[in-house]
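Presented below is the structure to which this report refers.
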Amino acid sequence: GGFPMLRWQQTFNIGYVPNNVVPKVFMAVALDLRDDPNGIHPRTKLDVGYRLSRSGLAVAYGQQVEFQGPIVQNVAYSSGSQ
85 GGFPMLRWQQ TFNIGYVPNN VVPKVFMAVA LDLRDDPNGI HPRTKLDVGY RLSRSGLAVA
145 YGQQVEFQGP IVQNVAYSSG SQ
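Mapping of the sequence shown onto my numbering: position 31 corresponds to residue 115, and the numbering continues sequentially without gaps.
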């Protein structure tokens, strides 16, 4: 679907947050947690909460915790896709 492109655009086409455009913004990716092929919201809320808490600790409180990754290096589209 269009979610990967939407998420990319939400990072101001940089591919990750925080970045130099939005230094105090973070997000938790949960596409890998989808367990219902017809749903967009993962049922594993604790996993999402854990990811968000790590981001908050790093971005809001400056704690040295791992909270990003993997980070996309490049993207290629084939004709007719998007």
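Yeah, the Cβ is synthetic: ideal placement off N, Cα and C, and Gly gets one too. Since we're looking at a predicted model, the values are computed, not measured.
Separation of glutamine 148 and leucine 141 (C-alpha to C-alpha, rounded to the nearest whole angstrom) is 8 angstroms. Three or more beta-carbon pairs separated by less than 8 angstroms link the region 106 to 120 to the region 128 to 143, which places the two stretches in contact.
The three-state reading of DSSP puts proline 88 in helix, counting H, G and I together. Following the DSSP letters along the chain, one finds serine 162 in no alpha helix (DSSP H), marked with neither H nor E.
When only Cα atoms are considered, glycine 146 and glycine 164 end up about 43 angstroms apart. Of the residues Ser139, Arg138, Gly99, Leu90, the one whose Cα lies closest to the Cα of glutamine 157 is Gly99.
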